[in-house]
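Shown next, in the form of structure tokens:
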């Protein structure tokens, strides 16, 4: 919490090589604060400070570091130090570190693990990317159903140290099949002599190791739980997933959604840790796609070039009209993408949503259209710049705005639903993407209405 | 998990008034599934089903329901039933329900509470909105430091039933001052005869009841914890906040961010539960503000009306150019808003960010500009539509794109940082907002470049 406050002092201590004071100060800190401090240091200094951490804090601090800082620190270490840390890391944190390292480095690290840890690490890495298996840890407490509460507490005391969570105790049968889960609350509230069979209801939610991580997020969100068991196809308990890993996945998914809504391919790392090259690449893809889409506006407009040259006034309102469509589309698409992400509704609700959006779109378009009309009327009263056909021009702008805003809300809301239906990511229907669609069609609408209302007058 | 599957069957049972089977089926379900089932039912039926829940499930199911469904169900209930439920609700869930109810209803409900619960409810409602106090529950386990592990376990067995969490046990001194927190893990892993004083390190993170909820979210995120103690100004323990409430706050904040990025005022309820009227109101505000901003494009363009009438070709590229600026701005603003929300960087990093964005903007602009130039060259080669000055037109488009894209990335990235600095919400710098700024200035840039390069030729 005070990490940032002390940063200059820490740097001074390093400068002065006063490592004793450094060590003393750090031993008082929370691992999360130390991790924050280390991340804020210049890369070259990170390892120096990490090395002076009290022994018992190295792994906890390491686990709080971002994968990028973990990499930096590992790179400065010898094999012996690396071995100490990666053998000590919890298996799920280790998997997520290994995921980010080059294949050759992982191979070396695997060889530094003890046989037991290596087997665990290899099994976990064997599951597909983005699967529950990659988040899993085999470190949990399980008991048979014929034991008492007392026995469970005894087992926890003996073997609990390595368990990722003590919030849930799993009950398995002779074959290792999961038969129930008991929360530590149920255990702690029962008298020590009680048989755990008396607490059991043989009901539990579980995940499969090959399930997609998104499914796990949904189940955690729905059941409000802290840990879920992972079973294989035979129903045998093979690991658990805890909420901290799920929260990270959920946060990443949301970040991906926000980036996509903004019209960027999701970044693999945080903004600052992404190289400028990658940043450009991720953005260029969509910018170019959208640019090709937008080139159709030039084609559409050249179709109406004759009209524009007869009535240049029409060109003046082009940005106003297409941007209003884009803005209303952007609103609709963010509403629907977020609602889909939170499972507030699904594709089956499309008709309900469409009705709401058509009504909203019409009224919003009418409001903007009226403002546009009044603006033209006012300017005309003051300066007469729109000439004798100002009223028709006013109506062209007004009707176009109504049409374009309705079209914006409609495509902004229906596109994400359609993508969802096609099992694609709804967030691909980004605000700029919807805007591009609406721009092209909006122009055609605008000039068509102009031809209708101004034909024989200005055109 | 199977809620949706069985919905028609459940409706049939209600139709047939076969409440016995209904009751039997439901007693097998998880409260979260029952809550989902009830939410999916038509409003009129929700209460019928709720009433047939087994007694021990009513409160758990009620707690899983959305506040909207809770309201619907309470409205159909008599005072006696209401009293039973709201006395049984955990204090923090009750506060969040009361927050959504009209003042007069809350007053009635308070009178239905037992004296003890009423005092708790009133205290919690006394804290400011959006403060930690509103998320807090006074139901926790605390011990003095002279007890043994055995004593703690005994106390949990006796009083733990009402505690919101058993994950953390709080140690307080004679005056009620918080002196340490011990995780249940520490307790469970220690031999029963050990004095808890031996486990204590007198270090803990805590919240103040008047702290903003956003601060609580940041601290939970940083320390990866499940519960945090809340203290008053004297350091006395007055309650705890658990991660489930924090997750809800964090989710709401993210939803707000996404809506704002899309250019809408944040909704108070979910999309489906917001009335069409509110939906329109929340959207209209920004649409109108942006519309007034966009009207400047018409003014800007009328400034160049003479140029357009001389070279209509210029008008054709207006949408392409301003939308490219808007798109690159939308990308930059979503990147920066999300990074700020996750505390990946702060205002102090503005210079680092600006450098990255200037480089990215230049290269992206150069890519789009080149594509634009090639397009004009190709069309010219095929049809000669751009006339003798096609090369100059090509350069006007190319240079404008470079300028407008750089300007888009720059304002898209700097605006959220500036808002943050001014202690305003960075997400107010929505994609449409940035696009509007870039549209107006982009037009001026485009026509100025045109005057420079085409002056004396086309213009």
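Chains as they are written, first to last, in my numbering: chain A, 186 to 644; chain B, 186 to 644. The beta-carbon is built from N, C-alpha and C at its ideal position, and this holds for glycine as well. Bear in mind that the values here come from a model prediction, so they are computed numbers and not experimental data.
Item                                                                                                                                    : Value
Straight-line Cα distance separating residue 458 of chain B from residue 253 of chain B                                                 : 8 Å
Amino acids of chain B, ordered along the chain, whose beta-carbon sits closer than 9 Å to that of residue 482 of chain A               : 501, 502, 503, 504, 505, 508
Cβ-based contacts, 8 Å cut-off: residues of the region 329-346 of chain A near chain B                                                  : 338, 341, 342, 345, 346
Interface residues of chain A facing residue 325 of chain B [CB-CB closer than 8 Å]                                                     : Those do not exist, as residue 325 of chain B stays about 13 Å from chain A at its closest Cβ, beyond 8 Å.
DSSP-derived helix/strand/coil call for residue 456 of chain A                                                                          : coil
Contacting positions in the region 456-469 of chain B - beta carbon closer than 8 Å to chain A                                          : 456, 457, 461, 464, 465, 468, 469
For residue 469 of chain B, the first and last residue of its enclosing alpha helix (DSSP H)                                            : 461-488
Residues within the region 519-531 of chain A neighbouring chain B, beta-carbon criterion of under 9 Å                                  : 519, 520, 521, 522, 523, 524, 526, 527, 529, 530
In DSSP terms, what residue 316 of chain A is bridged to                                                                                : A:397
Boundaries of the beta strand (DSSP E) in which residue 415 of chain B is found, first to last residue                                  : 412-416
Among B:258, B:607, B:208, nearest to residue 224 of chain B - alpha-carbon criterion                                                   : B:258
Residue closest to residue 574 of chain B, alpha-carbon to alpha-carbon, out of B:444, B:217, B:562                                     : B:562
Residues of its chain near residue 417 of chain B, where Cβ-Cβ distance is below 6 Å and the 5 sequence neighbours each way are ignored : 423
Chain A contact residues for residue 624 of chain B, given Cβ-Cβ distances below 7 Å                                                    : 504, 508
Candidates A:408, A:604, A:314: closest to residue 434 of chain A by CA position                                                        : A:314
Cα-Cα separation, residue 532 of chain A to residue 599 of chain A                                                                      : 9 Å
Contact residues within the region 594-611 of chain B, judged by C-beta distance below 7 Å to chain A                                   : none
For residue 363 of chain B and residue 357 of chain B, believed in contact at Cβ under 8 Å, the rounded distance                        : 6 Å
Beta-carbon spacing of residue 219 of chain A, residue 206 of chain A below 7 Å                                                         : no
Residue 501 of chain A to residue 522 of chain A span [Cα, whole Å]                                                                     : 33 Å
Simplified DSSP state of residue 350 of chain B, which is helix, strand or coil                                                         : coil
DSSP-derived helix/strand/coil call for residue 274 of chain A                                                                          : coil
Test item: CB-CB of residue 478 of chain B and residue 620 of chain B under 7 Å                                                         : no
Rounded separation between residue 488 of chain A and residue 482 of chain A - CA only                                                  : 10 Å
Interface residues of chain A facing residue 544 of chain B [CB-CB closer than 7 Å]                                                     : 461
C-alpha distance - residue 188 of chain A paired with residue 289 of chain A, whole-angstrom precision                                  : Because residue 188 of chain A sits at a pLDDT of 43, beneath the cut-off of 50, its placement in the model cannot be relied upon, and the point is left open.
Local conformation of residue 423 of chain A per DSSP, three classes                                                                    : strand
7 Å Cβ shell around residue 186 of chain B - same chain, five flanking residues per side excluded                                       : Residue placement at residue 186 of chain B cannot be trusted, given a pLDDT of 40 that sits under 50; what the coordinates show is reported in the next sentence. Cβ within range, chain order: 218.
Rounded separation between residue 349 of chain B and residue 374 of chain B - CA only                                                  : 22 Å
Residue 368 of chain B: first and last residue of the uninterrupted beta strand (DSSP E) it sits in                                     : 363-368
7 Å Cβ cutoff met for residue 545 of chain A and residue 465 of chain B                                                                 : yes
Per DSSP, cross-strand counterpart(s) of residue 322 of chain B                                                                         : B:425
contact_flag[the region 577-593 of chain A, the region 548-555 of chain A] where n(CB pairs < 8 Å) is 3 or more                         : yes
7 Å Cβ cutoff, residue 547 of chain B in contact with chain A                                                                           : no
Nearest-angstrom Cα separation, counted from residue 516 of chain B out to residue 377 of chain A                                       : 59 Å
At least three beta-carbon pairs within less than 8 Å, the region 525-544 of chain B to the region 537-544 of chain A                   : no
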